[in-house]
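Student: Mind looking over this structure? Questions follow.
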Amino acid sequence: MQWTPPLNPKRYHLEQLLAARGINLDWLNSGDIDPYSPANVARHSIVKAAEIIPFHYRGAVTDNPELLSWLAELVTQAREDQADRHAPIAAVTHGRSLLLLGPTGTGKTHQAYGAIRELAIAGVAATWVVTTAADMYAALRPRHGIDSEAEFRRYRNASVLLLDDLGAERKPTEFTEEINFRLINWRYENQLPTLITSNLVPKEIAERLGDRVTSRLIEMCQRVVFKGPDRRRGEAA
Ligand SMILES: Nc1ncnc2c1ncn2[C@@H]1O[C@H](COP(=O)(O)OP(=O)(O)OP(=O)(O)O)[C@@H](O)[C@H]1O
Ligand SMILES: [Mg+2]
């Protein structure tokens with residue numbers, strides 16, 4: 053963990069997040085030079101999060117109660133692990149997963165990126181990997197000069213994985229089915245926390261993803277349902 057200098061709250065869109073959690077900017081930017089201090093872990097994680105969060109969601113703040121309690125659980129577990137292992141910093145290792153379901157524009161991706169920022173500001177380290185399912189399949193297609201197994205392991209082993217828009221492709225293929233099964237099965241067996249978003253309604257999940265993936269998702273994920281109008285359409289919705 054390297055030392056990270058004090059952060060400009062505007063640049064990292066922290067004002068609303070700090071206010072929502074009652075965290076003091078003086079704590080975050082304390083002149084502490086200990087790289088293992090929770091404030092430094094938070095600063096480091098916020099900088100890392102900003103590198104992977106798309107511009108549109110750069111200021112996202114989670115307000116979904118189920119997501120917030122999932123995050124609180126990850127933080128508690130990471131701190132308990134840290135105490136048990138006498139580790140210098142708290143880091144996410146294991147945990148439950150969430151399946152965020154709902155129609156287009158209801159805020160699933162916004163909440164998911166908010167969750168990354170939330171975990172960061174809590175001072176808990178996590179190697180997040182974020183992708184849409186479609187981008188992941190594209191990145192994993194075997195092609196010259198690419199070690200697609202090494203790429204697959206990056207998704208598979210992430211300490212927290214955001215898999216956005218699962219099941220959005222028109223037609224599942226043998227290739228996408230195999231990737232889905234290998235990925236979900238690994239994360240299920242190793243209890244690795246995964247945030248999955250999807251537009252599928254529950255009864256379409258088995259149809260689209262198959263019984264074996266669905267069975268694992270049901271056991272490993274808490275289902276969080278998003279409702280309401282398409283927020284992208286604003287007042288017109
Ligand atoms: N709590 C929120 N506060 C402010 N803006 C929000 C909030 N939730 C969602 N939005 C905005 O509403 C729009 C739709 O949200 P989002 O992209 O998260 O939808 P989605 O459910 O992921 O949709 P899709 O299924 O099409 O991917 C985005 O512009 C997003 O920034
Ligand atoms: Mg989305």
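In this text, residue positions in the sequence shown follow the working numbering: the first is 53, and each later residue adds one.
Note that the Cβ used here is the ideal one computed from N, Cα and C, for glycine as well.
Please read all numbers here as calculations on a predicted model, not as lab measurements.
Taking only runs of the beta strand (DSSP E) that begin and end inside the stretch 119 to 181, which ones reach a length of at least 3 residues, in chain order?
Tutor: The qualifying runs are 149 to 153.
Student: When a residue counts only if its C-beta is closer than 7 Å to some heavy atom of ligand 2, which residues count, in chain order?
Tutor: K160, T161, D216, D217, T249
Student: Which runs of the alpha helix (DSSP H) spanning at least 4 residues fall entirely within the stretch 89 to 117, listed in chain order?
Tutor: The alpha helix (DSSP H) runs of length 4 or more contained entirely in the stretch 89 to 117 are, from start to end of the chain, 90 to 104.
Student: Taking its Cβ as the centre, do 16 or more other Cβ atoms sit within 10 Å of I231, making it buried, or is it exposed?
Tutor: Position 179 of the sequence shown holds residue 231. Counting Cβ neighbours within 10 Å, I231 comes out buried, since at least 16 surround it.
Student: Go through the stretch 199 to 282 residue by residue and report every complete run of the beta strand (DSSP E) that reaches 3 residues or more, in order.
Tutor: 212 to 216, 246 to 250, 273 to 277
Student: Out of Y109, I236, Q54, point me to the one whose CA is closest to L69's CA.
Tutor: As a working mapping, residue 69 is identified with position 17 in the sequence shown. Checked all of Y109, I236, Q54; the closest Cα to L69 is Y109.
Student: Just the Cα atoms here: how many angstroms apart are D86 and A94?
Tutor: Translated into positions along the sequence shown, residue 86 becomes position 34. Translated into positions along the sequence shown, residue 94 becomes position 42. Each residue's Cα considered, the two are about 12 Å apart.
Student: Thinking just about the alpha-carbon of each residue, which of R148, W55, T158 is nearest to the one in V277?
Tutor: The count along the sequence shown starts at 1 and reaches residue 277 at position 225. Among R148, W55, T158, the Cα nearest to that of V277 belongs to T158.
Student: Which residues in the same chain have their Cβ closer than 6 Å to the Cβ of S82, if we skip the five residues on either side of it in sequence?
Tutor: Within the sequence shown, residue 82 is the residue found at index 30, counting from 1. Cβ neighbours of S82 beyond the five flanking positions: A91.
Student: Name the DSSP bridge partner or partners of T184?
Tutor: Position 132 of the sequence shown holds residue 184. Beta-bridge pairing links T184 to D216.
Student: Give the straight-line distance between the Cα atoms of G262 and A185, rounded to the nearest whole angstrom.
Tutor: Position 210 of the sequence shown holds residue 262. Position 133 of the sequence shown holds residue 185. Straight-line Cα distance between these residues: approximately 16 Å.
Student: Determine whether the beta carbon atoms of S267 and L218 lie at a separation below 8 Å.
Tutor: For this step, residue 267 is matched to residue 215 along the sequence shown. For this step, residue 218 is matched to residue 166 along the sequence shown. For S267 and L218, no; Cβs fall outside 8 Å.
Student: Taking 7 Å as the line, does the beta carbon of H65 fall inside it for any heavy atom of ligand 1?
Tutor: The residue given as residue 65 occupies position 13 in the sequence shown. Outside the cutoff, so no.
Student: Hey, is D115 close to ligand 4, as in C-beta under 7 Å from one of its heavy atoms?
Tutor: Ligands in the displayed structure: ligand 1 and ligand 2; ligand 4 is not one of them.
Student: Tell me whether the beta-carbon of I257 lies closer than 8 Å to the beta-carbon of L152.
Tutor: As a position in the sequence shown, residue 257 is number 205, starting the count at 1. As a position in the sequence shown, residue 152 is number 100, starting the count at 1. Going by C-beta atoms, I257 is not nearer than 8 Å to L152.
Student: Does the stretch 162 to 176 come into contact with the stretch 95 to 103, if we say contact requires no fewer than three beta-carbon pairs (one atom in each stretch) closer than 8 Å?
Tutor: yes
Student: Closer than 8 Å is the cut-off here; do at least three beta carbon pairs connect the stretch 193 to 213 with the stretch 235 to 248?
Tutor: yes
Student: Using 8 Å for Cβ pairs, my map puts G175 next to A142. What's the rounded Cβ distance?
Tutor: For the purposes of this step, residue 175 is identified with residue 123 of the sequence shown, where counting begins at 1. For the purposes of this step, residue 142 is identified with residue 90 of the sequence shown, where counting begins at 1. The pair is a contact, with the Cβ atoms about 7 Å apart (cut-off 8 Å).
Student: Closest to P224 by CA distance: which of R208, R260, H196, V253 is it?
Tutor: Here residue 224 is taken as the residue at index 172 of the sequence shown, counted from 1. Checking every option, the nearest Cα to that of P224 belongs to R260.
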